[in-house]
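Heads up, the sequence shown is in my numbering, so the first residue is 87 and it goes up one at a time. Glycine residues also receive a C-beta, built at the ideal position from the N, C-alpha and C atoms. Being a predicted model, the structure only gives us computed values, none of them experimental.
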Amino acid sequence: MNKHEQYRLKQLGEYPFARLRKLLEGLTANPDLALIDAGAGEPRLPLPSFVQPTLDAHLSGFSKYPSTTGNDFLRESIASWLMRRFNLKHIDAQSQVLSANGTREALFAAAHALINPNADEKPWVMMPNPMYQIYLGAAITAGGKPYLQPCTAATGFAPDIDGIGDDIWSDTALVYVCSPSNPTGWVADEAYYTKLLNLAEKFDFYVLADECYSEIYYAEKPIGLLEVAQNMGNSEYKRCLVMNSLSKRSALPGLRSGLIAGDAALIRQFSKLRSYTGPATPLPLQHVAAAAWNDEDHVQEHLKVYRDSLDAFFAVYGGDIPAGSFFVWLPVDDDESFVKRAYAEQGVKLLPGRYLGAEDDWGVNAGSGFVRAALVDGAAKAGELASRLKDMAC
Ligand SMILES: Cc1ncc(COP(=O)(O)O)c(C=O)c1O
């Protein structure tokens with residue numbers, strides 16, 4: 087590793103859950119209460135019924151090398167799902183779709199595949215603040231400069247695009263959007279995506295939408311980036327990449343399977359990188375993934391659990407129900423001390439908002455003053471969580 091690479095890695099902070107472990111070190115969760123772990127966004131729902139029989143039927147596939155792009159049958163299931171879900175007239179399984187080993191690795195690799203900050207003199211990689219921390223790590227290690235878009239109550243938690251000058255846009259290579267958003271629950275509407283795609287066209291940058299919570303929403307089904315591109319007449323999805331995941335939609339975080347889709351030129355570039363890094367999904371797991379994309383019944387069952395959980399939480403806690411995702415993003419005085427108290431006094435694990443944000447040039451971390459709770463244990467626990475947190479506020 088050369089000095090330059092070491093420097094890049096040194097810029098990465100500790101991952102949020104490592105920070106959380108340190109924060110809670112030496113504290114004991116209230117022993118009189120059953121622990122509620124709302125820290126991690128890990129779905130905890132029963133295994134969908136098709137998983138075991140599909141796995142059993144395809145076990146022999148472990149004796150074959152899988153394709154790093156995803157085998158044809160999986161890419162075809164993904165393309166069909168994208169067309170059904172986002173009303174796409176067409177997306178080509180061969181040239182516009184790839185399989186991912188979960189979206190985390192793909193979101194990280196994207197910056198490495200798509201940007202070339204030194205040669206192009208386009209250093210900025212834009213991202214919401216607070217954000218899924220992978221965007222930040224990806225931008226830094228790929229040699230880009232993170233540009234933080236504050237998502238605050240003042241912007242309705244949308245990543246600000248109106249207050250950014252043309253000089254910044256023209257030096258922007260890539261914009262990460264997360265809709266529905268982890269952690270704020272904000273969802274991009276058609277107008278937002280349209281504005282962003284118009285800017286991408288004008289200033290020549292790529293838009294990467296992380297839509298892994300697209301199937302978890304309260305009232306309105308979120309629109310997707312590819313659908314908006316098509317509505318604008320961009321039916322080849324130029325400049326667009328979308329990632330989605332079975333981790334949240336199908337409650338299969340251990341399957342490590344997701345999708346990458348969009349502009350064929352970007353898919354080609356991405357494919358080339360992946361032919362070297364080789365993140366292939368084992369064949370039996372690809373069969374499970376295809377079965378998951380082909381089935382909507384389990385997704386509807388999951389959705390009901392998440393909606394009931396949001397209802398149960400907000401009936402007790404009060405406030406506005408977020409449009410999407412299974413997270414609640416609660417304002418508090420000091421997020422770290424609130425999380426410590428919640429653990430020690432109420433037996434509740436939360437995540438301090440600052441761990442999901444980054445400090446901007448003015449030393450402001452847009453995640454500070456919030457805590458994130460993941461409603462992943464069903465309605466009864468969500469209601470219980472709300473009443474324990476409410477007791478603290480009193
Ligand atoms: C916003 C967001 N994107 C991507 C991921 C990655 O999910 P996976 O790698 O399981 O697909 C997560 C997981 O928590 C997430 O919250």
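Residue-level contact to chain C via CB, residue i, 7 Å cutoff
i, result
"E445", "Although the question refers to chain C, the structure presented lacks it and comprises just one protein chain."
Residues near residue i by beta carbon distance below 6 Å, same chain, minus five either side
i, result
"G229", "P203"
"Y233", "W210, M212"
"A459", "A124, V414, L436"
"V76", "One cannot answer for residue 76 here, as it falls past the ends of the chain, which runs 87 to 480."
"M87", "Caution is warranted here: a pLDDT of 46 is assigned to M87, below 50, making its placement in the model unreliable, and no coordinate value can be reported."
"Y299", "P266, K334, G410, S411"
"V137", "V374"
"T270", "C237, F243, W415"
"P408", "G271"
"Q180", "none"
"I201", "A228, G230, A259, L260"
"E301", "R335, V385"
"Y279", "L311, V314"
Residue i: CB within 6 Å of a non-hydrogen atom of ligand 1
i, result
"Y218", "yes"
"L264", "One detail in the question is off: residue 264 reads as Cys in this sequence, not Leu. Yes, Cβ of C264 sits closer than 6 Å to a heavy atom of ligand 1."
"D158", "no"
"T189", "yes"
"N268", "yes"
"C298", "yes"
"Q449", "According to the sequence shown, residue 449 is Gly rather than Gln. No; taking the cut-off as 6 Å, the Cβ of G449 has no heavy atom of ligand 1 nearer than that."
"P339", "yes"
"G453", "no"
"G443", "no"
"S333", "yes"
"G310", "no"
"G271", "no"
"G46", "For the chain, the structure presents residues 87 to 480; residue 46 sits outside this window and is missing."
"G344", "yes"
"G66", "In this structure the chain extends from 87 to 480, so residue 66 is not present and cannot be described."
Assumed close pair residue i, residue j - CB separation to whole angstroms, cut-off 8 Å
i, j, result
"Q235", "P102", "Wrong, their Cβ atoms sit about 19 Å apart, outside the cutoff."
"V457", "V425", "6 Å"
"S395", "F412", "7 Å"
"P214", "S267", "7 Å"
"A295", "V263", "5 Å"
"L371", "D349", "The pair is not a contact, with the Cβ atoms about 27 Å apart (cut-off 8 Å)."
"S454", "D421", "6 Å"
"K150", "L369", "6 Å"
"Y304", "R393", "6 Å"
"V273", "L283", "About 17 Å separates the two Cβ atoms, so there is no contact after all."
Cβ shell of residue i (< 7 Å), same chain only, five flanking positions each side left out
i, result
"L174", "L168, L312, E313, Q316"
"S163", "A376, W379, N380"
"A192", "A186, M329, G344, I346"
"T154", "R360, S361, G364, P365, A366"
"R105", "Y441"
"A199", "Q355, F356, L359"
"A126", "F103, A460"
"A197", "V211, A224, A225, A228, G230, L260"
"G188", "S331, S333, R342, S343, G344"
"F194", "I220, G223, A224"
"G449", "none"
"S166", "none"
Proximal residues to residue i (C-beta, below 8 Å), its chain only, five neighbours per side dropped
i, result
"I254", "W210, Y233"
"I226", "R94, Q97, L98, P232"
"A398", "A465, A466, A468, G469, A472"
"L332", "L338, L341, S343, G344, A375, A378, W379"
"A428", "V434, K435, L436, V457, R474, L475, M478"
"L109", "E422, V425, K426, P438"
*Is there contact between the stretch 182-194 and the stretch 346-365, where contact requires at least three CB pairs shorter than 8 Å?*
Touching, yes.
*Touching by the beta-carbon criterion (3+ pairs, under 8 Å), the stretch 195-211 and the stretch 246-260*: With the rule of 3 Cβ pairs closer than 8 Å, the stretch 195-211 counts as touching the stretch 246-260.
*Does the pairing of the stretch 107-118 with the stretch 135-148 give three or more beta-carbon distances under 8 Å?*
Here the stretch 107-118 makes no contact with the stretch 135-148; the two share fewer than three CB pairs at distances below 8 Å.
*Secondary structure, beta strand (DSSP E): runs of 3+ residues fully inside the stretch 202-276*: Fully enclosed beta strand (DSSP E) runs of 3 or longer: 210-215, 231-236, 258-264.
_Three-pair Cβ contact test at 8 Å for the stretch 318-332 versus the stretch 239-246_ = By the C-beta criterion, the stretch 318-332 is judged not to be in contact with the stretch 239-246, since fewer than 3 inter-stretch pairs fall below 8 Å.
*Let me know the alpha helix (DSSP H) ranges lying completely inside the stretch 315-387, each 4 residues or longer, listed in chain order.*
Whole alpha helix (DSSP H) segments, 4+ residues: 332-335, 350-363, 369-380.
_Closer than 8 Å is the cut-off here; do at least three beta carbon pairs connect the stretch 324-340 with the stretch 125-143?_
Yes, they touch.
*Can you give, in chain order, each stretch of the beta strand (DSSP E) that sits fully within the stretch 411-435 and has at least 3 residues?*
Correct list: 413-417.
*Report the residue ranges of all alpha helix (DSSP H) runs contained in full by the stretch 133-182; include only those spanning at least 4 residues, in chain order.*
Whole alpha helix (DSSP H) segments, 4+ residues: 137-143, 158-172.
_Ordered list of beta strand (DSSP E) runs contained in the stretch 271-309, each at least 3 residues_ = Counting only runs of 3 or more, we get 292-296.
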